[in-house]
Amino acid sequence: MDLSSKSKQSTFTLRLIFIIVMLSEISYQMVLPLLPQLIQQLSPQLPHFIASPQSLYSLLMSSFTLTVLLTAPVLGYASDRLGRKKILCLTLFSMLASYVLMIYAYSGAHLGLFLLARMLGGVAMSSTVVAQAILTDIADEKARARQFGLIGLALTLAMVVGPFLSDTLANTPALSIFQTNTPFYFCGLLAFLCLALIILLFKNSNQPNQHTRPTLSQNHASLGKALPYLWLYFLLELSWSFYFHATLLKLLPIEAENIHANTVFLIFLGLFMSLSLTVLFRFLEKRLNLSALIFWGSSLMILSSFLILLSHSLVLICLSSLPMIIGVALVYCSSLALLTSETGQLKGGLVLGLSLSIMALAWTLSGASVGFLVSITPIYPYLIAASLMILVLPSYSKKWYTLPYSQS
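According to this note's numbering, the sequence shown is numbered sequentially starting from 6.
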């Protein structure tokens, strides 16, 4: 294949992966607003060991995150060994099966079926890992950070579009075919479309064989190189998740006066995260290297964690969150690019699977503890968010001014 054909194939693959990630994430985001209705429907048949609807919510969410924790590294490693296409098809089939089960669980109020559906949904989340690994196969190191930004853009756009579609499809009385379970059918359709696109259009981006498959010793060496960046990614996700959860709780009193406060904040977050992941990151990476971007991104996150303590209105909360949004985008793209550059594309699936498990762990830890911390004082989650990113600064403080792709 000549360079021109290879470039066209890479561009086509990038666009296809962007569409797949966005559609699959839209379907995931469409389910979340329906959970309260489903929990209310399942409440009459709760077994004795589930004391309340709140306990059921925790069970449904924890079953999902636990499955992600356990399966993401395994499926990422499998994509290194067996090829991206096979594992991507497996995760998308799991997504389709999960929505089919949700339809039956919702219509018959079957708790067991819905738990199984949530666990299959956790398996399906690894499609993002495989998509990111595909980018490591087709993009060189200089373009890799921008490509991760596009994946982040797809995920962010889905955060805005998914809940809107779910609400529209579930609450449109003017159209009799739209019912409360209609979003599940639509999600199943999206999953089927994603699976069909991959089967028909995607050409495997890695062709592992006995000679190119990473050995056990190679994987150990790769993990050793990856540990500093996996630790950085964990600090990023834990800091951001504490900030995000605490801000949603901070908006509750405002929500009582303005019922659209949360929606406005999430749309604001999605809009500026999208701009930061694309336009701003592309502008800055031409002027600073990835380590410098991590330093400045971490600094912005620390600044925002203190600014929001002084904000008590919706407008001020949005404005004080802007440095956090920009900082998260810069550290996210830079850390994943450095992570995959250090480990190489043959082990990309494994380390990216570990990164997804780390993200699930961080959001689980913050979600489980932020309510307790806020009940003591609303300041604590923001202090933790700032402290976590302060830990990052010493490792990158000497590189805050360095030029693009000069890591020395």
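Every residue, glycine too, gets a C-beta built ideally from N, C-alpha and C.
For Val397, the secondary structure class from DSSP, reduced to helix, strand or coil, is coil. Under the three-state reduction of DSSP output, Pro383 falls in the coil class, being neither helix nor strand. By the C-beta criterion, the region 119–136 is judged to be in contact with the region 70–80, since at least 3 inter-stretch pairs fall below 8 Å. A residue is called buried once 16 or more other Cβ atoms fall within 10 Å of its Cβ, and Thr16, having fewer, is exposed.
In the three-state reduction of the DSSP assignment, Ser29 falls in the helix class. Taking 9 Å as the cut-off, the Cβ atoms of Ala163 and Glu290 do not count as close.
DSSP, read as helix, strand or coil, puts Phe207 in coil. Taking C-beta separations shorter than 8 Å and ignoring five residues to either side along the sequence, the partners of Leu106 in its chain run Leu118, Phe119, Leu121, Ala122, Leu125, following chain order.
For Thr348 and Val269, the gap between their C-alpha atoms comes out near 40 Å.
Taking the Cα of Ser371 as reference, the smallest distance to any Cα among Leu195, Leu308, Ser244, Leu158 is reached at Ser244.
The residue from Val128, Leu71, Leu282 with its alpha-carbon nearest to that of Leu160 is Leu282. When the alpha-carbon of Ile330 is set against those of Leu241, Ile363, His317, Leu40, the nearest one is in Leu241. Short of 7 Å from the beta carbon of Leu366, and not among the five residues preceding or following it, lie these beta carbons of its own chain, in chain order: Leu74. 9 Å or more divides the Cβ of Leu21 from the Cβ of Ile156. With respect to Ala391, Ile307 sits close: the two C-beta atoms are nearer than 9 Å. One thing to note: Tyr248 has its Cβ within 9 Å of the Cβ of Ser310.
The beta-carbon distance between Leu293 and Leu343, rounded to whole angstroms, is 13 Å. This is too long to meet the 8 Å contact definition. Annotated three-state conformation of Asn186 is coil, per DSSP. Counting along the chain, the unbroken alpha helix (DSSP H) around Ile331 starts and ends at 319–348.
Separation of the CB atoms of Ala266 and Leu319 is rounded to 5 Å, and the pair is thereby assigned contact status at 8 Å. Assignment of Asn294 by DSSP, reduced to helix, strand and coil, places it in the coil class. Taking the Cβ atoms as the reference, Ile25 lies roughly 5 Å from Cys199, within the contact range of under 8 Å.
Beta-carbon to beta-carbon, Ile108 and Tyr190 are separated by about 7 Å, close enough to satisfy the 8 Å threshold.
Assigned with DSSP and collapsed to three states, Asp172 falls in helix. Taking a contact to require three or more Cβ pairs closer than 8 Å, the region 228–240 and the region 355–366 qualify as touching.
Residue state for Ala144 is assigned as coil, using DSSP reduced to three classes. Per DSSP, the unbroken alpha helix (DSSP H) holding Ser279 starts and ends at 266–280. Here Leu116 has Leu47 as same chain residues with Cβ atoms under 6 Å from its own Cβ, once five neighbours each way along the sequence are excluded. Taking Phe197 as the centre and dropping the five residues before and after it, the same chain places the C-beta of Leu101 closer than 7 Å to its C-beta, in chain order. Its chain contains Ala266, Leu319 as the residues whose beta carbon lies nearer than 6 Å to that of Ile259, once the 5 sequence neighbours on both sides are disregarded; these appear in chain order.
The beta carbons of Ile143 and Leu28 sit about 20 Å from each other, so the pair does not count as a contact at 8 Å. For Leu93, the enclosing alpha helix (DSSP H) stretches over residues 89–113.
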